[in-house]
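Trainee: Converting from the sequence shown to this note's numbering requires adding 272 to each position, the first position being numbered 1.
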Amino acid sequence: MTRTDAGFEGRLQQLAPDLLRTLERVYGAEAAPAVADRLLTIGRAAHDVRPDELRALDERRLAEPDWFQRPGMLGYAAYADRFASTLRGVEDRVPYLRDLGVGYLHLMPLLTPRPAPNDGGYAVADYRSVRPDLGDTHDLRDLATTLRGEGISLCLDLVLNHVAREHAWAEAARAGDEDKRGYFHVFPDREVPDAYEATLPEVFPDFAPGNFTWDDELDGWVWTTFNDYQWDVDWSNPAVLCEYADIILALANLGVEVFRLDAIAFIWKRLGTDCQNEPEVHELTRALRTVARIAAPAVHFKAEAIVGPADLPAYLGVGEHAGKVSDLAYHNGLMVQVWSMLASGDVRLATHALQGIPQPPPTTAWVTYVRCHDDIGWAIADEDAWAVGTDPSAHRRFLSDWYSGSFPGSWARGLVFQHNEQTGDRRISGSLASLAGLEAGDPQSVARILLAHAVVLSFGGLPVIWMGDELGLLNDPHWADDPAHAADNRWVHRPRMPWPTVEQGRDPHRITAGLRHLLAVRRSLPHLHAATPTEVWDPRDPGVLLVVRRHPSGPLLAAHNVTGERAWVDADVLHWLGLHTDGLRDAISGTAPSLHEGAVPLEPYAAAWLHDGG
Ligand code: GLC
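1. From what residue to what residue does the alpha helix (DSSP H) around SER888 run?
2. When burial is assigned at 16 or more other CB atoms within 10 Å of the CB, is GLN286 buried or exposed?
3. With burial defined as no fewer than 16 other Cβ atoms inside 10 Å of the residue's Cβ, what is the status of PHE498: buried or exposed?
4. Buried or exposed: which applies to LEU560, given that a residue is buried once 16 or more other Cβ atoms fall within 10 Å of its Cβ?
5. Does DSSP classify MET273 as helix, strand or coil?
6. Going by DSSP in three states, HIS667 sits in which element: helix, strand or coil?
7. Does VAL571 come out as helix, strand or coil in the three-state DSSP assignment?
8. Write down every uninterrupted run of the beta strand (DSSP E) in the region 550 to 598 whose length is 3 residues or greater and which is fully enclosed by it, in chain order.
9. Three or more C-beta pairs closer than 8 angstroms, one from the region 454 to 471 and one from the region 560 to 572: is that the case here?
10. When every heavy atom of the ligand GLC is checked, does at least one fall within less than 8 angstroms of the C-beta of VAL512?
11. Ignoring anything shorter than 3 residues, give me the beta strand (DSSP E) runs that lie fully in the region 333 to 410, in order along the chain.
12. Spatial neighbours of HIS801 within its chain, please: C-beta separation below 8 angstroms, excluding the five flanking residues on both sides.
13. Sorted by chain position, which residues of the same chain lie with C-beta nearer than 6 angstroms to VAL727's C-beta, five sequence neighbours on each side aside?
14. In the structure shown, what three-state DSSP assignment does ARG762 receive?
15. For ALA567 versus LEU588, is the C-beta spacing smaller than 9 angstroms?
16. Determine whether the beta carbon atoms of ASP714 and TRP683 lie at a separation below 9 angstroms.
17. From the DSSP output, which residues share a beta bridge with ILE737?
18. With contact counted as at least three CB pairs below 8 angstroms, one residue from each stretch, are the region 659 to 672 and the region 828 to 843 in contact?
19. What are the boundary residues of the alpha helix (DSSP H) that ILE314 is part of?
20. At the level of alpha carbons, what is the spacing between ALA350 and MET739?
21. With DSSP run on the structure shown, which of helix, strand or coil describes GLN627?
22. Decide if GLY282 is buried, meaning its Cβ has at least 16 other Cβ atoms within 10 Å, or exposed.
23. Does the contact criterion of 3 or more C-beta pairs under 8 angstroms hold for the region 503 to 515 versus the region 428 to 441?
24. Could you check if ARG386 belongs to the surroundings of the ligand GLC, using beta carbon to heavy atom distance under 8 angstroms?
25. Whole angstroms are fine: how far does the CA of PHE538 sit from the CA of THR545?
26. Relative to the ligand GDP, is the shortest distance from any of its heavy atoms to the C-beta of GLN690 smaller than 8 angstroms?
27. What residues in its chain sit with their C-beta under 6 angstroms from that of TYR394, if we drop five residues either side in the sequence?
28. Less than 7 angstroms between C-beta atoms, sequence neighbours within five positions excluded: which residues of the same chain meet that for GLY628?
29. So, under 8 angstroms CB-CB, LEU828 and HIS883 are touching, yes? Tell me the CB distance rounded to an integer number of Å.
30. Considering only the beta carbon of each residue, do LEU359 and ASP411 sit closer than 9 angstroms?
31. Tell me which same chain residues have a C-beta within less than 6 angstroms of the C-beta of HIS624, skipping the five on either side of it?
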């Protein structure tokens, strides 16, 4: 018996033409109709078995599409095992998340990976089962249900650029199955790989140089952008698209609401390019999203595209794709600029770079964050640096020196990740607190940590906290003890949750308290809804980042002093915004700032969120 409802049929009518047009642009007019039919069959089958509770969620999301944009929304990201051992353990910790104000939980890869090494789970061997030591699919469904009941949306990774060499598709390909061989990019000799290599960068030059790996069983070179055991799938094969649509909807029917599209920038290959950000990436995202909108509209996508500022906006949709690709996307550009500002004590480069990034579509949101589980790569566009009179290479070198602690006077204690001898790139691993000076005992580190959070909480988007940053956890000195981790120093900032500290309420540096305060203030400010436009104003004082959020209830000026000295918000800025009134309030301090000749003083590393409270 079919359980398809009127909502489904309506969405199908409305969206099927768009799906077809999208597929035509990728696979051509001849092939597209059959692919569309296949996808819609998958969508209908998934919708038919979609539990009533999730259909009700679909309706709620359609009625209130801004749920993830609200100022009260906070994200949290963690490895399930490092946070609470198992999925059941995570369920037990839901009160902690609620208490922090979390409404969105990204649990790091938890589907069955290949045995270690598996890139922290990003080498998936089976998308339809859960890593056995964490639990099983029943536990996943139960956890999603509990979270949903508490108003927390569950986000999981959808690793769709590659599968593990041990995934059934790859095993079949290795066993000689031609159909499955067609799921991968396989070449008999070096001719084509070499042609691609001429323009391809290396993601892991240290432990996985090159982008292709010879496999004896395949008797060919297989594309492996990341590690040699992560085989890139071939999205020019429509069967691959159909497989992933089916996987998404199966997980959605367990209660997964948001899919983090891992390494999405890489899924389309084009000779003569760096094989990132190709137009088909966005078409394919759109196709997947359209199917999800029809069958399970509560599903949302979060793009993980750690790319340069010029390529970022496309992940939330520009032009024809506006609002039709991912709903959320990591604001890698902001994250990089936060660290750049803190090291240089200067906001001019950040201001210029951020001003160049267009407003995202109003139905979408950036994921704003200071740290995540990955390294920090200095994605600063050369043009942006030159525009403010900075030599880009020298600045990137400075940032690597600063954050690895080798620059004289540096308070940071990071590690160099993936030193690329050819380009000179040195990315950085390290926990937020260690990078911000707490490990080195710098007296201004706590203010710096809170300031970094203030920037991402006010900038516009869905802020996501990386597990442990709310406690100011330092680098894990034992990160290399696990032999499966020893080659990958990103584990230095993936510690275990110190529950005894939490339970005893220890907060010696008052980082948790400071962050909780900022979160409470954020919740109270309607200006901070993600749909409220974000303007970055030219700095008057080069040490103060000025972010303006113009809301119908009046403007909010979020001013952030990125230096260790006292700085100023100039009177003219307040005048321009009409804020130079008796009603001027700083929402963070909860008081009227004391003006000096019309200017607002900002203590070292202080933030003020100024608005008319009168
Ligand atoms: C993403 C993940 C990263 C992983 C890579 C390959 O960038 O965040 O941890 O190494 O994809 O899957």
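Glycine residues also receive a C-beta, built at the ideal position from the N, C-alpha and C atoms.
Mentor: In short, the structure shows the following:
1. This structure cannot speak to residue 888, because the chain is shown only from 273 to 886.
2. exposed
3. Looking at its Cβ environment, which holds 16 or more other Cβ atoms inside 10 Å, PHE498 is buried.
4. buried
5. Residue confidence for MET273 is low, a pLDDT of 48 falling below 50, so the modelled location carries little weight; the figure read from the coordinates is stated next. Looking at MET273 - three-state DSSP - the assignment turns out to be coil, as it is neither helix nor strand.
6. Taken through DSSP and simplified to helix, strand or coil, HIS667 comes out as helix.
7. The answer is coil: DSSP assigns VAL571 none of H, G, I, E or B.
8. Contiguous beta strand (DSSP E) elements confined to the region 550 to 598 occur at 572 to 575, taking only those with 3 or more residues.
9. no
10. no
11. Counting whole runs of 3 or more residues, the region 333 to 410 contains the beta strand (DSSP E) stretches 347 to 350, 376 to 379, 383 to 385 and 396 to 402.
12. ASP338, GLN341, ARG342, PRO343 and HIS823
13. A distance below 6 angstroms between beta-carbons, with the five flanking residues on each side excluded, links VAL727 to the following residues of its chain, in chain order: VAL610 and HIS832.
14. helix
15. no
16. yes
17. TYR348
18. no
19. 304 to 320
20. 5 angstroms
21. helix
22. Here GLY282 is exposed, its C-beta having fewer than 16 other C-beta atoms within 10 Å.
23. Taking a cut-off of 8 angstroms on C-beta distances, the region 503 to 515 touches the region 428 to 441, as three or more cross pairs fall below it.
24. No, the ligand GLC has no heavy atom inside 8 angstroms of this Cβ.
25. Using only the alpha carbons, I get a separation of about 11 angstroms.
26. Of the ligands one can find in the structure shown, namely the ligand GLC, none is the ligand GDP.
27. PRO381 and VAL431
28. PRO581 and ASP656
29. 5 angstroms
30. yes
31. ASP656, ALA659 and VAL660
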